[in-house]
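Numbering of the sequence shown is given in this note's numbering, commencing with residue 27 and proceeding in unit increments.
We put the CB at the ideal spot given by N, CA and C, even for glycine.
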Amino acid sequence: MVRIIKLRDFKDENLEKIVNRGFLDLRDVEMDVKHVMEEVRSRGDDALFEFTYRFDGIKLDSNSVKATRSDFEEAYKKVKPIEIRALRRAASSIKRFHEIQLKRLTFQWRRQDLKTGVVTKPISSVGIYAPGGRRPYPSSVLMC
Numbered sequence: 027m028v029r030i031i032k033l034r035d036f037k038d039e040n041l042e043k044i045v046n047r048g049f050l051d052l053r054d055v056e057m058d059v060k061h062v063m064e065e066v067r068s069r070g071d072d073a074l075f076e077f078t079y080r081f082d083g084i085k086l087d088s089n090s091v092k093a094t095r096s097d098f099e100e101a102y103k104k105v106k107p108i109e110i111r112a113l114r115r116a117a118s119s120i121k122r123f124h125e126i127q128l129k130r131l132t133f134q135w136r137r138q139d140l141k142t143g144v145v146t147k148p149i150s151s152v153g154i155y156a157p158g159g160r161r162p163y164p165s166s167v168l169m170c
C-alpha cells in the first residue's frame, strides 16, 4: 500500500524516515569493496585478473583483455542486424534520458548542519566491469 504524505503535513522526521526506509547494513560489503579497490589501486591489472578469476571463474591476462580493431570487426560480424538496431536505439534512449536527468539534478535538502544534494563532476577515466556470464546485460555497458 502506498502511503500519501501531504506537503502541508510534511516534517523533517518524515523525510528522514523516507530516506532511511530502505537502509541495509552494508558495512561488510563496504569493507569487501574497499579491499578490492585498494588491491586494484596498488596492484593494477594483476589484481583485476585475480578478482575476475575469483568472482567469475574466468582466467585473464594482459594479452587476453585488450581487444584489437580486428577483434571488434569480427565480433560485429557475429551480431544480427536487428540486434545492432536494438542496441543503437537503446543507446540513444539512454543518452537522451541522462541528458534530461543532468539538467534536473539540483535537489538539496537542508536541516541544521546537514545538507544533502547531488553533485555531478566529470571524471577523466573509468574502468568498466561488464559481466557476461549466464545473463549478460548489454544495457549495463551502454550506460557507461
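{"Item": "Nearest-angstrom Cα separation, counted from I31 out to D87", "Value": "55 Å"}
{"Item": "Alpha helix (DSSP H) segment containing A112, residue limits", "Value": "107-130"}
{"Item": "Which listed residue (V152, R130, S150) has its alpha carbon closest to that of G143", "Value": "R130"}
{"Item": "Proximity test, V55 beta-carbon vs the ligand COA heavy atom, cut-off 7 Å", "Value": "The model depicted lacks the ligand COA and carries no ligand whatsoever."}
{"Item": "Terminal residues of the alpha helix (DSSP H) in which D72 lies", "Value": "71-82"}
{"Item": "Chain-order list of residues whose beta-carbon lies under 6 Å from that of T78 (same chain, five-residue window excluded)", "Value": "I84, L86"}
{"Item": "Residue nearest to A112 in terms of C-alpha spacing, selected from S165, L41, S151, D35", "Value": "S165"}
{"Item": "Simplified DSSP assignment, three categories, for A101", "Value": "helix"}
{"Item": "Whole-Å CB distance - I154 paired with V167, under 8 Å assumed", "Value": "7 Å"}
{"Item": "Beta-carbon contacts of H1 that lie in its chain and below 7 Å, excluding the five residues immediately before and after", "Value": "Nothing about residue 1 can be read from this structure; the chain reaches only from 27 to 170."}
{"Item": "Cut-off 8 Å between Cβ atoms - residues of its own chain near V62, not counting five sequence neighbours on either side", "Value": "A73, F77"}
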